[in-house]
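Enquirer: The structure's right below; bear with me while I get my questions together.
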Amino acid sequence: MIATFAFVLLVLSQVLQGIWLFRTGARERVSPWVSLAAGLLLAVTVVQRSIAIQFFALTNLYESLLFLSMLAALMVFALAKLRQTADSKALPFALNIIAIIFLAIASSPLAPSDIRPPVPALQSGWLVLHVSFTFIGEIFFAVGLVTAILQLAAKDEEQRRRFDRLTYTSIAIGYPIFTAGALVFGAIWAENAWGRWWGWDPKETWALITWLTYTAYLHFRLVRKNTSRVMPVLVILGFLIAMFTFFGVNFLLRGLHSYV
Amino acid sequence: MNTILDRLYSFLRSLKLAAVLLVILALLAVAGGIIPQGKPADFYFSRMPSVARLVLWIGFDRLFTSRVFLLVVALFTTNLTVCTVHRLGGELSKPRKARRHGPDLLHLGLIIIIFGSLLTARTRTEKIYHAGLGQHIHLPDGQVLYLTNLRQETYESGRVRAWITEGVLGPAPVEDPHGDSVAGDTLGEEGYALSADMLGIKVLELASIPAAGETPAAPAQAPVSDKPEIPQGKPLTIKVNAPFKGKGYTIYQYDWKTIIHPVLTDSEGKRIVLHGGSRITIPQGSMLFMATEEPPAPQGAPVAPTAVFLVEQQGTRTMVRARPGDTVSSFTLAEYQTQYLSGLKVKTDPWFPLVLAGILLAMAGTVLTYVRKLKGLSA
Chain W
1 MIATFAFVLL
11 VLSQVLQGIW
21 LFRTGARERV
31 SPWVSLAAGL
41 LLAVTVVQRS
51 IAIQFFALTN
61 LYESLLFLSM
71 LAALMVFALA
81 KLRQTADSKA
91 LPFALNIIAI
101 IFLAIASSPL
111 APSDIRPPVP
121 ALQSGWLVLH
131 VSFTFIGEIF
141 FAVGLVTAIL
151 QLAAKDEEQR
161 RRFDRLTYTS
171 IAIGYPIFTA
181 GALVFGAIWA
191 ENAWGRWWGW
201 DPKETWALIT
211 WLTYTAYLHF
221 RLVRKNTSRV
231 MPVLVILGFL
241 IAMFTFFGVN
251 FLLRGLHSYV
Chain Y
1 MNTILDRLYS
11 FLRSLKLAAV
21 LLVILALLAV
31 AGGIIPQGKP
41 ADFYFSRMPS
51 VARLVLWIGF
61 DRLFTSRVFL
71 LVVALFTTNL
81 TVCTVHRLGG
91 ELSKPRKARR
101 HGPDLLHLGL
111 IIIIFGSLLT
121 ARTRTEKIYH
131 AGLGQHIHLP
141 DGQVLYLTNL
151 RQETYESGRV
161 RAWITEGVLG
171 PAPVEDPHGD
181 SVAGDTLGEE
191 GYALSADMLG
201 IKVLELASIP
211 AAGETPAAPA
221 QAPVSDKPEI
231 PQGKPLTIKV
241 NAPFKGKGYT
251 IYQYDWKTII
261 HPVLTDSEGK
271 RIVLHGGSRI
281 TIPQGSMLFM
291 ATEEPPAPQG
301 APVAPTAVFL
311 VEQQGTRTMV
321 RARPGDTVSS
331 FTLAEYQTQY
341 LSGLKVKTDP
351 WFPLVLAGIL
361 LAMAGTVLTY
371 VRKLKGLSA
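Protein sequence lines, in the order shown, are assigned to chains W and Y.
No gaps in the numbering here: position 42 of the first sequence is 42 in our numbering, and each next residue is one more.
No gaps in the numbering here: position 249 of the second sequence is 249 in our numbering, and each next residue is one more.
Here's what the structure looks like:
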């Protein structure tokens, strides 16, 4: 019920942002607060579920989507308030869409919302760190995705440089967080739970592919001019791979992470 | 000559080479992520007939240990090493305050992880044991773990909450008829396999619990102890996510199994607990218990499994299937007895601390690198 209300708020925020998106001049100031309210409501849902399952609610697809949507909604607010991004209407608009998409998938049959307490392997503090850090990193990658698209669509060099800087900043923040979550904490948890820190499980392999893609981006950025189209394309590709790692591997490639 | 070496050096420390190798590694990992790994050749011919021959020829059925992959990893490691040494030299020549060691730490961490992985891949050992209450397993340091309590905790819904194995560490028994641990199998691509041994004599010897005051009419081979002797020793508890770390090894709670044993009664009412492979002497022959068969998917009331026997009498062999209440030769299949087996993984990995050090170093390097860069961006 609370999640449904959060969904309504996110849609409302989207409509408000949509109305002001192509208007010049005065900024609309309500939608960031509406998205923040949605994010806080989703946080309440996560807490509620955590109490119900007696563990941090990050143990299945539904809970993961709630958490991701919450992060995206909070990011909309942050982007609207940050000095560097406050003047961009497209950025929070796109992030809000991502929050809505995550929540819509959470309410679909793809992500059963039954309250199921975690199986023994999932009851680990390392799992909480592993999943939460991975998702926080991925939300920054989502910001990178939007700015990379805007970079590709930019009409002048100044805009392109500005979006390139934003893309790089978001990846530079998300990359260490994702590395810590997906690879470091994941490896420590796997070692603790299964007695092997790496096993080329499909989820592990695709997380590594995501990491390699962003690592390649960061290296290409050192050797190519920042106006090169290769780099935003790599960032877009990286996010698509991250999402395949999250959704595609669950449904198409079964492995140790098939309960997620 | 110098020019060639200089060119080689420049090539090997090139950032472009690093970026290209990262892309190649990613592409190879994509192939390894899509092509099922470690399956038998038939699998590839049936699932991907058009490319099966190519997949097998280039070793992409085991891509992450294939020569192609290892070659790229080797080149990447060389590039990383040369780049790190070159970069470190440059940084050290700068004034202390201007030095940026984040990337050096990150690269050094990655190099350590790669070498550590090679070492752990070559030296780590792991074995999975399935042992019941009262059984013991031999550990790499010569001690023996005696299982004193097995617990499966569940939520109200019946979903498993925890598997807990309690035991004591003690010296090996003086007489060990097997000379080795209880049976197990090493982890394969498809998990583990139960060996016939494990379901047979060894379980019978240590975990059968005949009714008080009775002895089995015809023990298969080994004597049955109705009260397994547990020596005094250091108590320990093993849970999922809370492994026990001993001298050079770690014991993980890996899984949990439930097996059933048919219980026969003879004409005098004596009970005999059977295990796969148990042979009982009958008039003019013998009777071998082979296995239990699960009935087809239940419709209505649950149906008990079927016990399968091979009865050899007067030179003829007959396969007999029985359910509780049925008669088999001169015996009656009275019931099934349930036995819980705790799946324990015993692992030795002397080089894991090196890998862990590499992981932490790489993590510290990543954070340092990007904190500095972000400071620069916001300035």
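Backbone N, C-alpha and C define an ideal beta-carbon position, used for all residues, glycine too.
Measuring straight from C-alpha to C-alpha, what distance separates residue 306(Y) and residue 335(Y)?
Expert: Walking along the second sequence from the start, residue 306(Y) turns up at place 306. Walking along the second sequence from the start, residue 335(Y) turns up at place 335. Between residue 306(Y) and residue 335(Y), the C-alpha separation is close to 11 Å.
Enquirer: Could you check whether the Cβ of residue 363(Y) sits closer than 9 Å to any Cβ belonging to chain W?
Expert: As a position in the second sequence, residue 363(Y) is number 363, starting the count at 1. With 9 Å as the cut-off, residue 363(Y) counts as an interface residue toward chain W.
Enquirer: Using a Cβ cut-off of 8 Å, which residues of the stretch 216–241 of chain W contact any Cβ in chain Y, in chain order?
Expert: 216, 219, 220, 222, 223
Enquirer: Hey, residue 73(W) and residue 42(W) are a contact pair by Cβ (cut 8 Å); roughly how many whole angstroms apart?
Expert: For the purposes of this step, residue 73(W) is taken as the residue at position 73 of the first sequence. For the purposes of this step, residue 42(W) is taken as the residue at position 42 of the first sequence. That belief holds up - the Cβ atoms of residue 73(W) and residue 42(W) are roughly 6 Å apart, short of 8 Å.
Enquirer: Could you name the residues of the stretch 93–111 of chain Y whose beta carbon sits closer than 7 Å to any beta carbon of chain W, in the order they occur along the chain?
Expert: none
Enquirer: Could you round the C-beta distance between residue 212(W) and residue 29(Y) to whole angstroms and report it? I think they count as a contact, below 8 Å.
Expert: As a working mapping, residue 212(W) is identified with position 212 in the first sequence. As a working mapping, residue 29(Y) is identified with position 29 in the second sequence. Rounded, the Cβ-Cβ distance is 7 Å, consistent with contact.
Enquirer: List the DSSP bridge partners of residue 235(Y).
Expert: In the second sequence, the residue the question calls residue 235(Y) occupies position 235. Note: residue 235(Y) sits in a beta bridge opposite 168(Y).
Enquirer: Tell me which same chain residues have a C-beta within less than 8 Å of the C-beta of residue 271(W), skipping the five on either side of it?
Expert: Since the displayed chain W opens at 1 and closes at 260, residue 271(W) lies outside it and no answer follows.
Enquirer: Measuring only between beta-carbons, confirm whether residue 126(Y) sits less than 9 Å from chain W.
Expert: Here residue 126(Y) corresponds to residue number 126 of the second sequence, with the count starting at 1. True, the Cβ-Cβ gap to chain W drops below 9 Å.
Enquirer: DSSP beta-bridge partners for residue 307(Y)?
Expert: Working through the second sequence from its first residue, we reach residue 307(Y) at position 307. Residue 307(Y) pairs with 292(Y), 322(Y).
Enquirer: Check the C-beta distance from residue 366(Y) over to residue 176(W) and give it rounded, since I have them as a contact under 8 Å.
Expert: Residue 366(Y) sits at position 366 when you count from the first residue of the second sequence. Residue 176(W) sits at position 176 when you count from the first residue of the first sequence. Contact between residue 366(Y) and residue 176(W) holds, with the beta-carbon distance rounding to 4 Å and staying under 8 Å.
Enquirer: Measure the alpha-carbon distance for residue 101(W) versus residue 95(W) and round it to whole angstroms.
Expert: Numbered from its first residue, the first sequence carries residue 101(W) at position 101. Numbered from its first residue, the first sequence carries residue 95(W) at position 95. The alpha-carbon atoms of residue 101(W) and residue 95(W) are separated by roughly 10 Å.
Enquirer: How do the stretch 340–347 of chain Y and the stretch 84–101 of chain Y stand: do at least 3 beta-carbon pairs fall below 8 Å, yes or no?
Expert: The stretch 340–347 of chain Y is not in contact with the stretch 84–101 of chain Y.
Enquirer: Hey, out of 323(Y), 142(Y), 79(Y), 139(Y), whose CA is closest to residue 405(Y)'s CA?
Expert: Nothing in the structure corresponds to residue 405(Y), since chain Y is present only between 1 and 379.
Enquirer: Only counting the same chain, and skipping five residues up and downstream in sequence, which positions put a Cβ closer than 8 Å to that of residue 8(W)?
Expert: On the first sequence, residue 8(W) is found 8 positions in, with the first residue counted as 1. Apart from the 5 residues on each side of it in sequence, residue 8(W) has no Cβ closer than 8 Å to any other Cβ in its chain.
Enquirer: Taking the alpha carbon of residue 140(W) as the reference point, which residue from 236(W), 114(W), 196(W) has its own alpha carbon closest?
Expert: The residue you call residue 140(W) lines up with position 140 of the first sequence. That would be 236(W), whose Cα lies nearest to the Cα of residue 140(W).
Enquirer: Helix, strand or coil for residue 268(Y) per DSSP?
Expert: For the purposes of this step, residue 268(Y) is taken as the residue at position 268 of the second sequence. Residue 268(Y): coil per DSSP, three-state reduction.
Enquirer: Please decide whether residue 359(Y) counts as near chain W, where near means a Cβ-Cβ distance under 9 Å.
Expert: To locate residue 359(Y), count along the second sequence from 1; it is residue 359. Yes, residue 359(Y) lies at the interface with chain W (some Cβ there is under 9 Å from its Cβ).
Enquirer: Once DSSP output is grouped into helix, strand and coil, what is the label at residue 256(Y)?
Expert: Within the second sequence, the letter at position 256 stands for residue 256(Y). Here residue 256(Y) sits in strand by DSSP.
Enquirer: By the DSSP assignment, the alpha helix (DSSP H) with residue 149(Y) in it spans what residues?
Expert: Within the second sequence, residue 149(Y) is the residue found at index 149, counting from 1. Segment 144–154 is the beta strand (DSSP E) holding residue 149(Y); no alpha helix (DSSP H) there.
Enquirer: Which residues in chain W sit within 7 Å of residue 26(Y), going by Cβ to Cβ distance?
Expert: Counting from 1 along the second sequence, the entry for residue 26(Y) is found at position 26. What residue 26(Y) touches in chain W: 209, 212, 213, 216.
Enquirer: Within 10 Å of its beta-carbon, does residue 215(W) have 16 or more other beta-carbons around it, so buried, or fewer, so exposed?
Expert: Stepping through the first sequence from its first residue, residue 215(W) is reached at position 215. Residue 215(W) is buried by the Cβ-count criterion.
Enquirer: From residue 1(W) to residue 62(W), what distance separates their C-alpha atoms?
Expert: In the first sequence, counting from the first residue as 1, residue 1(W) sits at position 1. In the first sequence, counting from the first residue as 1, residue 62(W) sits at position 62. In a straight line, the C-alpha of residue 1(W) is about 14 Å away from that of residue 62(W).
Enquirer: Is residue 212(Y) close to chain W, meaning its C-beta is less than 9 Å from at least one C-beta of that chain?
Expert: Counting from one through the second sequence, the residue named residue 212(Y) turns up at place 212. Its pLDDT being 31, under 50, residue 212(Y) is placed unreliably by the model, and nothing is read from it.
Enquirer: Buried or exposed: residue 147(Y), going by 16 or more other Cβ atoms within 10 Å of its Cβ?
Expert: Within the second sequence, the letter at position 147 stands for residue 147(Y). Looking at its Cβ environment, which holds 16 or more other Cβ atoms inside 10 Å, residue 147(Y) is buried.
Enquirer: Could you tell me how far apart the beta carbons of residue 154(Y) and residue 111(Y) are, in whole angstroms, since I believe they sit closer than 8 Å?
Expert: Locating residue 154(Y) in the second sequence gives position 154, where the first residue counts as 1. Locating residue 111(Y) in the second sequence gives position 111, where the first residue counts as 1. Actually they do not touch by this definition, with Cβ atoms about 46 Å apart.
Enquirer: Which of the three DSSP states is assigned to residue 86(W) in this structure?
Expert: For the purposes of this step, residue 86(W) is taken as residue 86 along the first sequence, with counting starting at 1. Annotated three-state conformation of residue 86(W) is coil, per DSSP.
Enquirer: Can you list, in chain order, the residues of its chain with a C-beta nearer than 8 Å to that of residue 50(W)? Leave out the 5 residues immediately preceding and following it.
Expert: Looking up residue 50(W) in the first sequence gives position 50. So the list reads 56, 57, once near-sequence residues are dropped.
Enquirer: Taking a cut of 7 Å between CB atoms, which residues from the stretch 97–126 of chain W lie near chain Y?
Expert: Of all residues in the stretch 97–126 of chain W, the ones placed with a Cβ closer than 7 Å to any Cβ belonging to chain Y are 116, 117, 119, 120, 121, 123, 124, in chain order.
Enquirer: So, does the stretch 67–79 of chain Y touch the stretch 35–44 of chain Y, judging by three or more C-beta pairs under 8 Å?
Expert: no
Enquirer: Using a Cβ-Cβ distance cut-off of 9 Å, determine whether residue 163(Y) contacts chain W.
Expert: Here the question's residue 163(Y) lines up with position 163 in the second sequence. So yes, residue 163(Y) belongs to the interface.
Enquirer: On the criterion of 16 or more Cβ atoms from any shown chain inside 10 Å, does residue 265(W) qualify as buried, or is it exposed?
Expert: No information on residue 265(W) is available, as it lies outside the stretch 1 to 260 that chain W covers here.
Enquirer: Does the CB of residue 160(Y) have a neighbour CB from chain W at under 9 Å?
Expert: Sequence index remark: in the second sequence, residue 160(Y) carries index 160 (1-based). True, the Cβ-Cβ gap to chain W drops below 9 Å.
Enquirer: Taking the beta strand (DSSP E) that residue 209(W) belongs to, which residues open and close that run?
Expert: Translated into positions along the first sequence, residue 209(W) becomes position 209. Per DSSP, residue 209(W) belongs to no beta strand (DSSP E); it is in the alpha helix (DSSP H), 202–223.
Enquirer: Is it buried or exposed for residue 5(Y), if we count other Cβ within 10 angstroms and need 16 for buried?
Expert: Taking the first residue of the second sequence as 1, we reach residue 5(Y) at position 5. By the neighbour-count definition (other C-beta atoms within 10 Å, threshold 16), residue 5(Y) is an exposed residue.
Enquirer: Who are the Cβ neighbours of residue 85(W) in its own chain at under 6 Å, not counting the five residues just before and after it?
Expert: For this step, residue 85(W) is matched to residue 85 along the first sequence. The beta carbon of residue 85(W) is closer than 6 Å to those of 79, 91 in its chain, skipping five residues each way along the sequence.
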